[in-house]
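Have a look at the structure below before the remarks.
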Amino acid sequence: MKESLTDIYSSIKSWHLWTTLGWLELRQRYKRSIVGPFWITLSMAVLIIALGVIYGELFKLEVKEYLPMLAVGLVFWNFISGVINEGCVTFISSSSFISQLPTKKFIYIMQMLWRNFMMLCHNIVIVIGVLIIFNVFSLRNFPLFILGFMIVVVNLIWIATLFAVISVRFRDFPQMVMSFMQVVFYITPILFSGTMLAKYSLLLKLNPFAWFIEIIRSPLVGKMPELYCYYNSIILACVGTVISLITFAKCRNRIAYWV
1 MKESLTDIYS
11 SIKSWHLWTT
21 LGWLELRQRY
31 KRSIVGPFWI
41 TLSMAVLIIA
51 LGVIYGELFK
61 LEVKEYLPML
71 AVGLVFWNFI
81 SGVINEGCVT
91 FISSSSFISQ
101 LPTKKFIYIM
111 QMLWRNFMML
121 CHNIVIVIGV
131 LIIFNVFSLR
141 NFPLFILGFM
151 IVVVNLIWIA
161 TLFAVISVRF
171 RDFPQMVMSF
181 MQVVFYITPI
191 LFSGTMLAKY
201 SLLLKLNPFA
211 WFIEIIRSPL
221 VGKMPELYCY
231 YNSIILACVG
241 TVISLITFAK
251 CRNRIAYWV
C-alpha cells in the first residue's frame, strides 16, 4: 500500500509532465487542422442546437428552459463518459511506455484526466454562451458548482483507476463499460430533467450518474441541488477510493506484465 501511495503522490507532484503529455496528445489529434481542437466545440454546439430544437418540441418546453439544461448536461456528460471510457484503456494505450520505462503508473491516469479536462474547457464555452444568452446563471450558486465538480472529479479518478487495472487484465472489460455507458446515458437525466420522471424517481435516486449531473447542473442553471445527491456522491467517493486503492496496490507491480 505504501508503494502505491508513493506512486500516486509522485505522479501528482509531477504535474508538469502529465499536463505536457496530455496537451501534446490532444494537439497531435488535430495536427494540420485549421480549426484544431475547437472542432470539439463546434460538433458539440451543433449537437446541442439540434437536440435542443427536436427534444424541446417533443417535451413541449420553452427553449429558455430546456436549452441551458441540455447544454450543461451534455457537455459534462461528455466529460464524465470520456474519462470513464478512456480510463479503461489508459494502461493498455500506454503499454509501450509501461513495459520499457520505470515510470509511475498513476501518471497515465492523470494524463488522461487532464486531456479530457482540456476538452471540457473547449466545450465549456458553449455552456457559458447559453447561460449568458438565456440569463439563467446564478453567481450565488457558483460555489456549489465548484464543490459538485470537485466531488465528481474525485469519483472519476477512482473509477478510472479501478477500471484501468481491471481492463489491463481482462481485455473485454472496456467494451462492456462502453456498452454500459450508452445505456446509462438514456436513463440519466441529461436529455430530460428529473421532474419529468417523477413516476420513476427511485430509478434516479439509485443512479450515481444522476447524482453527478444534479450537483453540477443545478447550480449553473440557478437551482439548488438535492442534498441526497451530495451525501451519496461523497459516500461513493470515499468507499470507491478505498476499493480502488486496495486494487491498485495489489495489482500495480503486475501491470507491466499484463500490458
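According to full-length UniProt numbering, the sequence shown holds residues 1 to 259 in order.
Ideal Cβ placement from N, Cα and C applies to all residues, glycine included.
- When 69, 186, 44 are compared, the shortest CA-CA separation from residue 56 is found for 69.
- Spatial neighbours of residue 114 in its own chain (CB-CB distance under 7 Å, excluding positions within 5 residues in sequence) are listed in chain order as 18, 19, 22.
- Under the 10 Å beta carbon count, residue 179 is surrounded by fewer than 16 other beta carbons and is classified as exposed.
- Residues of the same chain with a CB within less than 6 Å of the CB of residue 77, apart from the 5 flanking positions on each side, are 190 in chain order.
- Residue 219 sits in a helix when the DSSP states are folded into three classes.
- Secondary structure at residue 7: helix, using DSSP grouped into helix, strand and coil.
- Here residue 240 is near residue 155, since their CB atoms are less than 8 Å apart.
- Note on geometry: alpha-carbon atoms of residue 140 and residue 126 lie some 21 Å from one another.
- In the three-state DSSP reduction, residue 207 falls in the coil class, being neither helix nor strand.
- Remark: C-beta atoms of residue 252 and residue 105 approach each other more closely than 8 Å.
- Across the structure, residue 219 and residue 225 are spaced so that their CA atoms are roughly 7 Å apart.
- Counting C-beta atoms within 10 angstroms of its own C-beta, residue 158 has 16 or more neighbours from the protein chains shown and is therefore classed as buried.
- Cβ contact annotation for residue 85 (same chain, cutoff 8 Å, sequence separation greater than five): 174, 177, 178, 181, in chain order.
- Taking C-beta atoms as the reference points, residue 168 and residue 259 count as a pair closer than 8 Å.
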